Amino acid sequence: MQVYGLIGNPVGHSLSPPMHEAGYGTLGIDARYVTFEPAPDDAAAAIEGAGALGVAGLNVTVPFKQDVLAAVDPAPLAERIGAVNTVDFGPIADGDADRPSGHNTDAAGVKRAFSHHG
């Protein structure tokens, strides 16, 4: 079983866990989606802890998108933007193999939204 999750504070109101769990069930994927709500100054420690627990990946929300950048090997776009919203604990082809990779998909979403609405 794979474990994925959401890190933020607060996250108790998030609909991400039931949405992901429903998707896993529908697709027959043996996975769970959990939340992590560390104290505001504990983002880096939470990323390290999630990796130690075997978490495969995390979505990152407020207030940690900028703080998490220091705890990951950021993709070039995430580094340019200065924020991470996705952390991948899988094998890293390039970069720092001791740190998870950090990505930013927010920019692509905003760009796509603007391109559809002129």
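Counting in the UniProt record's numbering, the sequence shown runs from 1 upward without gaps. Backbone N, C-alpha and C define an ideal beta-carbon position, used for all residues, glycine too. Owing to the predicted nature of the structure, the values given are computational and were not obtained by experimental measurement.
- The beta-bridge partner set that DSSP reports for ASN59 consists of LEU6, THR86.
- With 16 or more other CB atoms across the displayed protein chains lying within 10 angstroms of its CB, ALA43 is buried.
- In this structure, VAL60 is the residue among VAL60, THR26, ALA52 with its C-alpha nearest to the C-alpha of PHE36.
- 8 angstroms or more divides the Cβ of VAL55 from the Cβ of VAL72.
- In chain order, ALA83, VAL84, ASN85 place their CB closer than 7 angstroms to the CB of LYS65, counting only its own chain and leaving out the 5 sequence neighbours on each side.
- For SER16, the enclosing alpha helix (DSSP H) begins and ends at 16-27.
- For GLY102, the secondary structure class from DSSP, reduced to helix, strand or coil, is strand.
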